[in-house]
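Start counting the sequence shown at 759; every next residue gets the next number (the numbering used here). Even for Gly, the Cβ is constructed at its ideal location relative to N, Cα and C.
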Amino acid sequence: MAVTKGVLERYREFLPITAKTPMITLGEGDTPLVRSRQIEKEFGCELYFKLEGCNPTGSFKDRGMVVAVAKAVEGGSRAIICASTGNTSASAAAYGAGFGLSTFVIVPQGGIALGKMAQAVVYGARIIAIDGSFDQALSLVRTLSQKHPVTVVNSINPYRLEGQKTAAFEIVDALGDAPDYLFIPVGNAGNITAYWRGFVEYHGAGKAKSTPRMMGFQAEGSAPIVQGKVIEEPKTIASAIRIGNPASWEGAVAARDESGGLIDLVTDDEILSAYRLLAREEGIFGEPASAASVAGLIKVARQGISLKGKKVVCIITGAGLKDPDTAIKDAEPPIELAAELSAIEQALDLS
Ligand SMILES: *Cc1c(COP(=O)(O)O)cnc(C)c1O
């Protein structure tokens, strides 16, 4: 096995790299594309899960962050700043710490999952929790970056999407062509925009014969694109997609329309049931937002879009351990027993 390359080196020709760009990496990218064993049977398709939770900080954000931070370092920046529902701050904090930048993160108070907060804390970011939404946090970050010498690493930073498009390259490299359908959660809408760009660029470069239909899914209480209007108080259990005014709204709509896909919504119940299904039927533990892609697949298949014989990829955007509270909230507590063989056998129906 060779030393880890990272996305900057592996996809250098497709990225905005100059002779001065530091070729940094924390081991992002090259994530598994795992074939479904159970869920695909119901739909008669060839289904794969792209496990973006296997990135160094447990979400796809690392693909874009490595490019944004490399360019910040190249430009002489000393500090980075982001608004976050959790994963952007975890990723910014890691890359900031790893490559000598101060990291400032602004999060909605009470709106970020425990594991993500733990990451920002341990990587040493300066964290401000505001009494407001993600959209307000992002607006404050925009203003702060205009007044002070700090580089914004939210997906309004164009280098973020450049890095994130490499996930589309990996899917084509793994399958030998683009899939027929790509299912993906949509929050701030940067990722769907980046994937579409990646598929189009790879197709243009002759690396793929086709491009997929882009199937984006928002949560019901946070579905501005589906409803065609800004949502002032977005609500959903899936905190990573709890966004009422997506920064890449237009990019997402273009991805949908140019690809012949759709952007629809799934309910929190559908998200949670897909979240459990993915864990129990496939052995894959994604965070709740990630399950929106699988919930979307189930929804469209039940509505009658035939996936028979199609190649389908669901993006599992982040790792389940990020949000342990959701995992155990409605779970039955463990059975507490004395350390006694017969009692345990009885409880496990082994007697
Ligand atoms: C950021 C994030 C999303 C949403 O991606 P956008 O680019 O904001 O649409 C979905 N899932 C997870 C786990 C995320 O971290």
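Cβ atoms of residue j and residue i: under 7 Å apart, would you say?
i       : j       : result
Lys1057 : Val1024 : yes
Ala878  : Ser847  : yes
Arg971  : Ser1017 : yes
Val825  : Gly962  : no
Ile782  : Ala828  : yes
Lys1068 : Cys803  : yes
Asn813  : Glu786  : yes
Thr1075 : Pro943  : yes
Phe975  : Gly1044 : no
Gly945  : Ala926  : no
Asn845  : Lys808  : no
Thr1111 : Gly1009 : With the chain covering only 759 through 1109, there is no way to say anything about residue 1111.
Ala947  : Pro1004 : yes
Ile1093 : Ala1105 : yes
Gly822  : Arg918  : yes
Ala852  : Tyr881  : yes
Thr843  : Ala1089 : no
Leu784  : Tyr806  : no
Thr704  : Glu767  : Residue 704 cannot be examined here, being either before or after the span of the chain that is shown, 759 to 1109.
Which residues bound the alpha helix (DSSP H) around residue i?
i       : result
Met759  : First-last for Met759: undefined, no H or E at that position.
Met769  : Position check: residue 769 holds Tyr in this sequence, whereas Met was assumed. First-last for Tyr769: undefined, no H or E at that position.
Gly873  : 872 to 880
Arg1000 : It is not in any alpha helix (DSSP H) - Arg1000 carries neither H nor E in the DSSP assignment.
Leu1030 : 1026 to 1040
Leu896  : 892 to 905
Pro943  : Segment 939 to 943 is the beta strand (DSSP E) holding Pro943; no alpha helix (DSSP H) there.
Thr951  : 948 to 962
Lys829  : 819 to 832
Looking at ligand 1, does it come within less than 6 Å of residue i, judged from the CB to the closest heavy atom?
i       : result
Glu1045 : yes
Val944  : yes
Gly854  : no
Gly1054 : no
Ser794  : no
Thr1075 : yes
Asn845  : yes
Val1048 : Here residue 1048 is Ser; the residue named in the question, Val, does not match the sequence. Result yes, Cβ under 6 Å from ligand 1.
Ala977  : no
Gly989  : According to the sequence as given, residue 989 is Ile; it is not Gly. No, the beta carbon of Ile989 sits no closer than 6 Å to any heavy atom of ligand 1.
Ser1147 : Nothing can be reported for residue 1147: it is not among the residues displayed for the chain, which extend from 759 to 1109.
Ala1032 : no
Ile1042 : no
Ile999  : yes
Gly949  : The question names Gly, but residue 949 in the sequence shown is Asn. Within the cutoff, so yes.
Assuming residue i and residue j make a contact with CB atoms under 8 Å, what is their CB distance in whole Å?
i       : j       : result
Val1052 : Tyr939  : The pair is not a contact, with the Cβ atoms about 13 Å apart (cut-off 8 Å).
Thr994  : Asp1026 : 6 Å
Glu958  : Thr969  : A small fix is needed here, since residue 958 is Val in this sequence, not Glu. Val958 to Thr969, Cβ: 6 Å. Contact.
Ala966  : Ala1013 : Contact doesn't hold; Cβ gap of about 16 Å is too wide.
Ala977  : Ala1050 : 6 Å
Ser849  : Ala1077 : Incorrect: roughly 12 Å between the Cβ atoms, too far for contact.
Leu773  : Asp1083 : Their Cβ separation, rounded to whole angstroms, is 36 Å, which puts Leu773 and Asp1083 out of contact at 8 Å.
In terms of residues, what are the limits of the beta strand (DSSP E) holding residue i?
i       : result
Gly974  : 971 to 977
Val792  : 791 to 793
Lys808  : 804 to 809
Ser860  : 860 to 866
Lys1066 : Segment: none, Lys1066 is in no beta strand (DSSP E) and carries neither H nor E.
Ala837  : 837 to 841
Counting only beta-carbon atoms, is residue i nearer than 7 Å to chain B?
i       : result
Pro1046 : The structure shown contains no chain B, having only a single protein chain.
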